[in-house]
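In this note's numbering, the protein residues as written are 968 to 1443. Ideal Cβ positions, reconstructed from N, Cα and C, are used throughout, including at glycine.
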Ligand SMILES: Cc1cc2nc3c(=O)[nH]c(=O)nc-3n(C[C@H](O)[C@H](O)[C@H](O)COP(=O)(O)OP(=O)(O)OC[C@H]3O[C@@H](n4cnc5c(N)ncnc54)[C@H](O)[C@@H]3O)c2cc1C
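Have a look at this one:
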């Protein structure tokens, strides 16, 4: 070992979670060490949220141009230069990268080590030539794409989120295995940019989302020309002169789908291999995942886990939220615990699909007989009409006392519109507050206010209120 380092905190992994812990610790005057084996910024910046949203942004421009005729404008579709689109994607990564760079974090007082880390003891981490002894250690190693055991897959070239943004040739026919958010975002981006796209899903697409809204989104994706096959079995994949053949079976029987490119987007698995967790006395569950409590402590109480590595919901905002919990626990010794009741997530297709808190099914299970479902369709929203963005609705779940349990939104800018429901959920607000403020007109956000207001409509026009109004009329 060429160097022994004593640190307050050692963070393994410089993605969304690890960077936030390291920055927070240094701002509190600690001496953090941050170990990263790959690119600073982790998955979100390099292979995840940022490139996927940049690619979708380009694709949405094609859709906007295609819809020009609706606005009385010429509808000449733009020429897609796929390699240039990918240059735009990498330009966006490059514009954000300085925020997550070694230079910035060194400037903040973080010691950054570029190496692969593993445990050497309950308080020790080895990273390259360094032995780091730290009072607290945070596992922030993220996740990697899982690859299903499909016969033939190991013998053919396929894309994952780690390689798809380096592909500069527009696929002639992109076959995507996996109909979750990543699969569908990539499907729509490639379709709008001109590829033929087929999505193969063993179960149901967007299974974690509200089925009513997910079905409306699927309708729209199919209208874009994306072939979506659910409930299928993949028997094998084969290399063919055109690219790849996928042999699938659905209700109609066995068939063969030939594509130029194959993208595997079938879920993600925590990066724990090679960490030598046993040397630090860190327990794992039957599936090899970390066992963490609500304070995000592993079975070694000095070692925490955040973000995708922790086994919780896999989102950048969750990794950042986890970092805050760990900073409070490890550095301030406050017993902060994770609470996912107001957890939001968004699929950034066009239209976007956003969720906060409980879905309808979860609400029904948690509060049987005490759930009211409120809806407001975007075709009744004046701004949506003006912008020809009427596909979708706001759906709200609330208890009979008006307490908000969850909200699902399908529509343009749903990822922005869900914020007011995140606020309602985290603040424990009732529908009266969401319905009662003055909203600017005409805005898409009015749909949320109207959905909340619809809770009171039956009460306003019930027999008791009518009698009261008749009485007041007689009196006055
Ligand atoms: C295509 C795609 C799109 C996505 N879009 C969104 C989105 O729109 N919104 C959203 O909220 N989330 C999105 N996500 C999820 C999001 O990217 C992750 O939830 C987030 O990056 C998790 O952050 P993290 O810090 O846990 O891990 P990561 O960002 O993956 O960082 C972990 C880091 O640890 C390093 N590492 C691993 N093992 C070691 C080791 N032994 N030693 C040293 N370093 C190590 C890795 O190299 C990596 O840099 C998307 C993911 C993908 C794949």
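Any heavy atom of ligand 3 closer than 6 Å to the CB of residue i?
| i | result |
| --- | --- |
| residue 1082 | Of the ligands one can find in the structure shown, namely ligand 1, none is ligand 3. |
Since residue i sits in a beta bridge, which residues does DSSP pair it with?
| i | result |
| --- | --- |
| residue 1216 | 1200 and 1221 |
| residue 1078 | 1000 |
| residue 1110 | 1237 |
| residue 1123 | Answer is none; residue 1123 lacks a bridge partner. |
| residue 1421 | In the DSSP output, where bridge partners are listed per residue, residue 1421 has none listed. |
| residue 1251 | 1257 |
| residue 1388 | Answer is none; residue 1388 lacks a bridge partner. |
| residue 1271 | 1105 and 1264 |
| residue 1344 | 1360 |
| residue 1230 | 1126 and 1143 |
Between the Cα of residue i and those of the options, spot the shortest distance and give me the residue it belongs to.
| i | options | result |
| --- | --- | --- |
| residue 1359 | 1182, 1441 and 1028 | 1182 |
| residue 1344 | 1269, 1382, 1141 and 1421 | 1421 |
| residue 1049 | 1361, 1297 and 1156 | 1156 |
| residue 993 | 1072, 1032, 1002 and 1113 | 1072 |
| residue 1270 | 970, 969, 973 and 977 | 977 |
| residue 1394 | 1333, 1376, 1323 and 1243 | 1323 |
| residue 1286 | 1112, 1104, 1086 and 1108 | 1108 |
| residue 1288 | 985, 969, 979 and 1241 | 985 |
| residue 1056 | 1110, 1015 and 1090 | 1015 |
| residue 1340 | 1237, 1240, 1398 and 1220 | 1398 |
| residue 1169 | 1197, 1143 and 1180 | 1197 |
| residue 1135 | 1193, 1077 and 1051 | 1051 |
| residue 1159 | 1296, 1225 and 1139 | 1139 |
| residue 1045 | 1053, 1037, 1054 and 1033 | 1033 |
| residue 1037 | 1142, 980, 1357 and 1283 | 1357 |
| residue 1031 | 1355, 1187 and 1221 | 1355 |
| residue 1060 | 1127, 1011 and 1376 | 1011 |
| residue 1130 | 1415, 1018 and 1396 | 1018 |
Do residue j and residue i have their beta-carbon atoms positioned less than 7 Å apart in this structure?
| i | j | result |
| --- | --- | --- |
| residue 1231 | residue 1223 | no |
| residue 1102 | residue 975 | yes |
| residue 1117 | residue 1204 | yes |
| residue 1391 | residue 1361 | no |
| residue 1410 | residue 1350 | yes |
| residue 1419 | residue 1402 | yes |
| residue 1206 | residue 1123 | yes |
| residue 1093 | residue 1079 | no |
| residue 1366 | residue 1337 | yes |
| residue 1363 | residue 1381 | no |
| residue 1119 | residue 1047 | no |
| residue 1145 | residue 1251 | no |
| residue 1150 | residue 1166 | yes |
| residue 1311 | residue 1389 | yes |
| residue 1236 | residue 1110 | yes |
| residue 1086 | residue 1243 | yes |
| residue 1007 | residue 1067 | yes |
| residue 1292 | residue 1263 | yes |
| residue 1104 | residue 1000 | no |
| residue 1298 | residue 995 | yes |
| residue 1316 | residue 1152 | yes |
| residue 1141 | residue 1164 | yes |
| residue 1106 | residue 1330 | no |
Any heavy atom of ligand 1 closer than 6 Å to the beta-carbon of residue i?
| i | result |
| --- | --- |
| residue 1011 | yes |
| residue 1003 | yes |
| residue 1039 | no |
| residue 1309 | no |
| residue 1238 | yes |
| residue 1107 | yes |
| residue 983 | yes |
| residue 1281 | yes |
| residue 1165 | no |
| residue 1286 | yes |
| residue 1149 | yes |
| residue 1084 | yes |
| residue 1317 | no |
| residue 1296 | no |
| residue 1060 | no |
| residue 1134 | no |
| residue 1015 | yes |
| residue 1393 | no |
| residue 980 | yes |
| residue 1275 | yes |
| residue 917 | Because residue 917 is not part of the residues shown, which for the chain are 968 to 1443, the question remains open. |
| residue 1019 | yes |
| residue 1368 | no |
Assuming residue i and residue j make a contact with CB atoms under 8 Å, what is their CB distance in whole Å?
| i | j | result |
| --- | --- | --- |
| residue 1320 | residue 1314 | 4 Å |
| residue 1378 | residue 1425 | Rounded, the Cβ-Cβ distance is 25 Å, inconsistent with contact. |
| residue 1229 | residue 1258 | In fact, because the Cβ distance is near 35 Å, the residues do not count as touching under 8 Å. |
| residue 1278 | residue 1256 | 4 Å |
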